[in-house]
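Numbering (the numbering used here), first residue to last: 8 to 84.
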């Protein structure tokens with residue numbers, strides 16, 4: 008299970024994404040937001056190397072959608 012990005016984490020993500028490797032930043036925040044692992048996280052990341060990045064990307068997408076909604080932006084343009 009994962010938790011949503013906080014506003015501060017979302018802002019930090021934006022800064023880190025601009026300064027470096029987007030894939031590494033996605034993975035970092037994906038790992039940070041894991042809540043209840045059912046197994047050792049190290050083994051999980053080893054078995055599924057793109058899992059943390061995928062989780063981070065989805066969390067960012069959800070956070071960006073919330074920001075867009077608050078700003079009144081449409082997903083269609």
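Quick reminder that beta carbons are idealized off the backbone N, C-alpha and C, glycines included. Since the model is a prediction, treat every value here as computed from it, not as a measurement.
Straight-line gap, residue i to residue j (C-alpha atoms, nearest Å)
i          : j          : result
residue 10 : residue 66 : 8 Å
residue 37 : residue 53 : 14 Å
residue 47 : residue 60 : 17 Å
residue 75 : residue 56 : 30 Å
residue 15 : residue 8  : 20 Å
residue 23 : residue 30 : 11 Å
residue 26 : residue 40 : 21 Å
residue 7  : residue 17 : Any answer about residue 7 is impossible in this case: the structure gives the chain only from 8 up to 84.
residue 73 : residue 19 : 16 Å
Three-state secondary structure assigned by DSSP to residue i
i          : result
residue 60 : helix
CB contact flag (residue i, residue j, <7 Å)
i          : j          : result
residue 33 : residue 63 : yes
residue 12 : residue 70 : yes
Close-in-space but distant-in-sequence residues of the same chain around residue i (CB under 8 Å, 5 per side omitted)
i          : result
residue 79 : none
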